[in-house]
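S.K.: Under the working numbering, residue 191 is the last one in the sequence shown; the count climbs by one each step, no gaps. Every residue, glycine too, gets a C-beta built ideally from N, C-alpha and C.
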Amino acid sequence: MSHHSTGLLLMLFALLLPGTAPADPAAPWGKAFSLSVNYAPQKVVYDVAVQSEEQFSRALDRVSYLNNLYGADPFAASIVLVLHGQEMLFFAIDNYDKYKELMTRAQSLTVGGTIEIRMCETAARSYGLTPAEIHGFIDMVPMADAEIVRLQQESGYAYMQ
Numbered sequence: 031m032s033h034h035s036t037g038l039l040l041m042l043f044a045l046l047l048p049g050t051a052p053a054d055p056a057a058p059w060g061k062a063f064s065l066s067v068n069y070a071p072q073k074v075v076y077d078v079a080v081q082s083e084e085q086f087s088r089a090l091d092r093v094s095y096l097n098n099l100y101g102a103d104p105f106a107a108s109i110v111l112v113l114h115g116q117e118m119l120f121f122a123i124d125n126y127d128k129y130k131e132l133m134t135r136a137q138s139l140t141v142g143g144t145i146e147i148r149m150c151e152t153a154a155r156s157y158g159l160t161p162a163e164i165h166g167f168i169d170m171v172p173m174a175d176a177e178i179v180r181l182q183q184e185s186g187y188a189y190m191q
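So, in structure tokens, the structure goes:
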């Protein structure tokens, strides 16, 4: 038997062994394994600067899901969104009719005490907005970057974008 035919025979034998050939040729590495993980509540700051309602809605989805994962415990968890992009326009009182559904959803997330929404006053001014023109469930901070750094450095918040 030649060296070439011995190799071919070994390859054929390997293919016949159970578990050696992929069951699904489109999934040569098998399928993902789902880990069961219990996440302890944390302090998290989200750096939010988005361009569209859809992007902002996805950010709210992520925050809401994280809050649910943490058991919505206001004593153990804290989630702060710091806004400094075009999404600030959604929060203008003058735009309430246009963004009523989105604002109702954002406000409802702040009710339990775990989630807070803060807005950069400096960035808001660049859009022509003053605190008096923003919905009352928002807290204005002097500068988004400084607030994000403060939350991370002084209060131990994890940074999310």
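1) Where do the N-terminal and C-terminal ends of the beta strand (DSSP E) with Tyr189 fall, by residue?
2) Ala122 by DSSP, collapsed to three states: which one?
3) In angstroms, rounded to a whole number, what distance separates the CA positions of Ala56 and Phe121?
4) Quick check: the Cα distance between Pro104 and Gly158, rounded to an integer number of angstroms?
5) Which word fits Tyr189, buried or exposed, when buried means at least 16 other C-beta atoms lie within 10 angstroms of its C-beta?
6) Taking just the CA atoms, how far does Ser66 sit from Leu96?
7) In angstroms with no decimal places, state the Cα-to-Cα distance between Gly142 and Tyr129.
M.R.: In short, the structure shows the following:
1) To locate residue 189, count along the sequence shown from 1; it is residue 159. Residues 188-190.
2) Your numbering for residue 122 matches position 92 in the sequence shown. Three-state DSSP puts Ala122 in a strand.
3) Along the sequence shown, read from residue 1 onward, the residue named residue 56 stands at position 26. Along the sequence shown, read from residue 1 onward, the residue named residue 121 stands at position 91. Looking at the backbone, the Cα of Ala56 and that of Phe121 are separated by about 47 Å.
4) For this step, residue 104 is matched to residue 74 along the sequence shown. For this step, residue 158 is matched to residue 128 along the sequence shown. If I take the Cα positions, the gap works out to 34 Å.
5) For the purposes of this step, residue 189 is taken as the residue at position 159 of the sequence shown. Per the 10 Å Cβ criterion, exposed.
6) Here the question's residue 96 lines up with position 66 in the sequence shown. Here the question's residue 66 lines up with position 36 in the sequence shown. For Leu96 and Ser66, the distance between alpha carbons rounds to 15 Å.
7) Taking the sequence shown and counting its residues from 1, the one referred to as residue 142 is at position 112. Taking the sequence shown and counting its residues from 1, the one referred to as residue 129 is at position 99. Rounded to the nearest angstrom, the two C-alpha atoms are 22 Å apart.
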